[in-house]
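Protein chains in written order, with my numbering: chain A, 10 to 280; chain B, 773 to 1163; chain C, 9 to 453; chain D, 13 to 354.
What follows is the structure in structure tokens.
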């Protein structure tokens, strides 16, 4: 936390906290791993209610950027501001409590818990905060939350597996569970790391439909995605990351036409 | 589902309570029906249940829980010596002090995880043990152990050798020699002592069961399952871990206190790392993460320690007396490797066999057997009702 | 797999039942064990059960095993009404069995831990119906078990326990000690040390960091200060330290010319071995030969220290090379049965068993208060230590103390100590009030 | 000054033993990912190799003595070792005298076999199991091995003499220009030299042989090495046997310093774990560094001046250091990220 203040109070830094309708503002973020620049001079604004896609070739720094946003990595320079609050230097759980949820690329579920419990954990976290010592509140008595959890699970198509252990699920089902775990928190900002990777076409379409539905609800989303079909059917705006830098930004149509993007990314990808 | 789960929980709880209260009858055929062993099973059952709240739910393996046993025992003894022979304040103070001590150790140790956490707890417990054995002799009476004494007549007598028992004295209770511990007049030795421990064991079981099924319990399980993910879900895991550590420390404190209640003496060796190891073994032997398993494990290990160690060669000889003489000697010689003074061998082999073949402990074994029977009865039913294709 | 499991389980259950049957005790429900006869475990039928509580695992397991051998021999002799030291014992009351009952026994493992020792003693009392408990190989355990026996209302005849407290401030009416203590060791060793090493020495103490160590160190200082033996330093060493080198090296430059090792058991073996390795024994300091003293010797352990004990003084309760009739009879009986001579642990426990049996016979009952009275101020002879008094005031035996020295030219591997002097009883006897404590009344349960 | 120098020597000596035990332990951690609670038992088995060799050398025939008598007064049956009969008085006597150093050869063979069997028969099946399971199964094995040794050798320590040539003390005070009180047992100096050379040997083995390179790569990244098509499993057997041998020879050579008994493995177990953790799990250099560091600190903490200042410090110093190191350096002195943190 003090690190965040340090950055914010750094004399002469006085960085930009973004404009009024900006939810997430990434300000001049640098990150390097033993000399290798993973991110440099990254500036990014995500506006209220939009679905913002970040695309880029492998190794472009997309996951690093996401990790910087949720507090897994500390940037060498720069800061991430969410809704006027500096996230940089905060712990992951604090960032989540502010309303930023992340859906992981490789499913990071709780393998030894049931599907329903997997969704109940983030639901409880949303309701009770980062720590609540209530040892005698029976988990099975949480009627309202459970109904909600079941609804969310139904929306991702897992209603038939409520009591299954997450460890025995298929990879695709785990991804859907991941999504449900993000959705149940009704986050102000949902970060999705390749939500459809490894899914069959049919499932991908279902996921797109689901994400569209959520969009109607007004949730702000950042999606990292490889699948251009997904990107162009969902994104309001797209940022293209290559070699750790943002090389282009704009609406899907703008990006489609951008020669730099074509060169760096689309060309090779759409073979 | 609500009602079904509830029903299952209550059945388990009532079944457990019934078995615990009937232990004297159940254990009689194997020669284990005597107060001391019964008390020890109940006390170590409490210890193991508490340990399982930490280890079974969160996966954090503490090698220092014996320290809390020691704290509980010493605190109880001092309550007997300074306040009253009634066990109520002793138990209350012990549990509170053990909780505080656990908070201190947990606060520091839980900054690390995995084997580093284990070694930190081990280090704290070993330091407690070493100091209690030597430098802290004025508080712990070192090797001899802290004991209750008669009321001192001369204020110059050290408190180790003469008690004051302020409350009892104020109440004007006359003491003949060294008084015994009691719960409002109910003596805490023998079978009453066992039933006292048994009731506490049942209460502890109930609490642990509620904890396990609570939101809190689920968070602990989530920590074990994937602590990293939990952070990104907005949960601050450390307070949960500290809470679990303190609760299990309080269970250990209660167990230590009960050891002093049923037998008012407290020695430093209760805090040695081997004692911490013992509870790990109990938990794993019975079944980590299960509610009944740790108690079962505690019972088996205490039985082995008390009874298997007493089967000396004389008993072996008479057991094998139906064999021809040469064979009899051979068999009792072979048996002596495993029972009597060789009982440690049996214990070691038992751990190996359990871990190799039944990683989920005895409870998993029971589940497997139950599953076999269930399948059998099911297949009987289905074959009787209508021919179904094989699975 | 499951078949073999089944068998072992059944066997366990079965032999458990055998154990109970062998103990001659029927399991009871909700009844106090001592309802009949007016005292705990009053024997029914034609047998009486002794409880032998010795270390069978842990550092003192070998001593425990030797104690157990001696107990078995004692039971044999008691039931036969003769053999071994029974024949030389001055009291001739025992005529096969005690009060017309045969002696049986149960055993338990103290693990040299107070908790475990109390637990196994409780098992023998509560489950196996033991009328008395005896054994043990350390003072902490002896005091813990003695306290337990007082509460339970049975007699405790302690085994190896050398701390003053056992019959000092922790004495109990139901507890009796045959072994000597640190006070007597000091009183016996002091003059011998002066005679051999002269006056005005500078002494360095290495002391095991627990109650017995403190007590032994105190008594050595007390009984040598008259000869101007001045304490240079007294350093506490952790129990079970293993390597004592870091405690030994400072001795070289401390100016001390005498090292007293207030260690017992494994600590003694290790610290002595290492002190000799460091060349202490051969040095010259202050114009005197550097000297090492081990106040309490155990032959079993001295064997562990091998060559290193040569010429080193210490005290012991009894040694097999004594040439009186009783000792010779005991060594013969024991040696013929087991093939090697008995240790002092074996001797003490054998004596304790015989003394208890004899007291019961003389009292005509097993009731602790009566048996205790029969033992109080009982004077006897013929158990290998000359004339012995079981003092009534503190239930401590007073007898001659052996000052021994590591033998220079041992003839066999058991022959590691030689008796230098037999310090007469009068010289080591002290007032009971010296060590404090209250016996309290007998407890019959 | 003398005292400080001697304590330093003591520290090096202890540190050598700690480092040798910890070395194998951390090697097994780092490569196999196994927490081996039976490692102390391997050290103890090594020590009993020395006991055994002396026993074998002392296998004797009996000759009834005409003059001497035994403790029961019967004619003494003298024991004459066959060794002397076979090799003659000189060579036989020499072998008896040097039985401890010679037992290194026995220890290498025995411990190699023990390590091989243990890895193939038990450890192998526990690579993927939780640490708690590994701890329990190896702890069970340690108990069983200890009890078997007790069954055959008894519980009391069995002294082993160093060869006569090095059984005395070296007057090293003159060598380093200190007073005449600076004497130190030869055998401890030998042990120190021995431990240093074994440590260097192990490091050289891992550094300069292809096998060692594979093992070190495996310690860095097990999966990659597996992907390279190298049969890492087979290498693991050799690594484990190597760890067992190092522990074994360390134990055998330690016997003249500390008479071995069946429980010495347990005594060293906790300590060696602390050493490994302080050094950093899976770090060989860390284990050596921590071994010497703890040895030296332990020696100095035992000095009376220090004890007067902080009573009881000698008992807890090792654990205190562990706590301080782990709280300030999360992965120990030289530990790498990500090893054994789950």
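Just so it is clear, CB atoms sit at the ideal spot from N, CA and C, and this is done for glycine as well.
As the structure is a prediction and not an experimental result, all values here were calculated from the model.
Tell me residue i's beta-bridge partners as DSSP assigns them.
i: residue 174 of chain A; result: A:123
i: residue 85 of chain A; result: DSSP, once it has assigned bridges, lists no residue as partnering residue 85 of chain A.
i: residue 414 of chain C; result: C:318 and C:425
i: residue 166 of chain C; result: C:143 and C:185
i: residue 251 of chain A; result: A:254
i: residue 263 of chain D; result: Bridge partners of residue 263 of chain D: none, in fact.
i: residue 55 of chain C; result: C:110
Relative to the C-alpha of residue i, which candidate in the options has its C-alpha closest?
i: residue 153 of chain D; options: D:57, D:266 and D:316; result: D:57
i: residue 1166 of chain B; options: D:110, D:65, D:96 and D:159; result: The structure shown does not extend to residue 1166 of chain B, since chain B is modelled only from 773 to 1163, so the question has no answer here.
i: residue 8 of chain A; options: A:177, A:67, A:174 and A:167; result: Limits of chain A in this structure are 10 at one end and 280 at the other, which puts residue 8 of chain A out of reach.
i: residue 1030 of chain B; options: B:789, B:779 and B:846; result: B:846
i: residue 99 of chain D; options: D:217, D:74, D:70 and D:165; result: D:70
i: residue 264 of chain D; options: D:20, D:29 and D:15; result: D:29
i: residue 166 of chain D; options: C:451, C:412 and C:67; result: C:67
Need the endpoints of the beta strand (DSSP E) that residue i sits in, please.
i: residue 303 of chain C; result: 299 to 304
i: residue 140 of chain C; result: 140 to 143
i: residue 62 of chain A; result: 60 to 64
i: residue 1110 of chain B; result: Residue 1110 of chain B -> no beta strand (DSSP E), and no H or E assigned at all.
i: residue 239 of chain C; result: 238 to 245
i: residue 3 of chain A; result: The requested residue 3 of chain A is not part of the displayed model; chain A covers only 10 to 280.
i: residue 47 of chain A; result: 45 to 56
i: residue 271 of chain C; result: Note, residue 271 of chain C: premise wrong, no beta strand (DSSP E); not H, not E.
State the DSSP-derived secondary structure class of residue i, mapped to helix, strand or coil.
i: residue 905 of chain B; result: helix
i: residue 450 of chain C; result: coil
i: residue 78 of chain A; result: helix
i: residue 146 of chain A; result: coil
i: residue 34 of chain C; result: Low per-residue confidence applies at residue 34 of chain C: pLDDT is 34, beneath 50, and the placement is therefore not dependable, though the value from the model is reported in the following sentence. Residue 34 of chain C: coil per DSSP, three-state reduction.
i: residue 20 of chain C; result: Note that residue 20 of chain C scores a pLDDT of 38, beneath 50, so its modelled location is shaky; the value from the coordinates is reported in the next line. Of the three classes helix, strand and coil, the one that applies to residue 20 of chain C here is helix, per DSSP.
i: residue 409 of chain C; result: strand
i: residue 306 of chain D; result: helix
i: residue 172 of chain C; result: helix
i: residue 12 of chain C; result: Here the model assigns residue 12 of chain C a pLDDT of 39, short of 50, so the residue's position is not dependable and the matter cannot be decided.
i: residue 272 of chain A; result: helix
i: residue 958 of chain B; result: strand
i: residue 179 of chain D; result: coil
i: residue 208 of chain C; result: coil
i: residue 73 of chain D; result: strand
i: residue 781 of chain B; result: helix
i: residue 110 of chain C; result: strand
i: residue 40 of chain C; result: Here the model assigns residue 40 of chain C a pLDDT of 45, short of 50, so the residue's position is not dependable, and the following value carries that caveat. Coil at residue 40 of chain C, not helix or strand.
i: residue 126 of chain C; result: helix
Could you give the first and the last residue of the continuous alpha helix (DSSP H) run that contains residue i?
i: residue 853 of chain B; result: 838 to 854
i: residue 238 of chain A; result: 237 to 243
i: residue 75 of chain C; result: 69 to 88
i: residue 340 of chain D; result: 325 to 340
Please list the segments of the beta strand (DSSP E) lying wholly inside the segment 84 to 136 of chain D, counting only runs of 3 or more residues, in order along the chain.
Counting whole runs of 3 or more residues, the segment 84 to 136 of chain D contains the beta strand (DSSP E) stretches 87 to 93.
List, from N- to C-terminal side, the alpha helix (DSSP H) runs of 4 residues or more that fit wholly inside the segment 969 to 1045 of chain B.
The alpha helix (DSSP H) runs lying completely inside the segment 969 to 1045 of chain B and spanning 4 residues or more are 987 to 1003 and 1009 to 1034, given in chain order.
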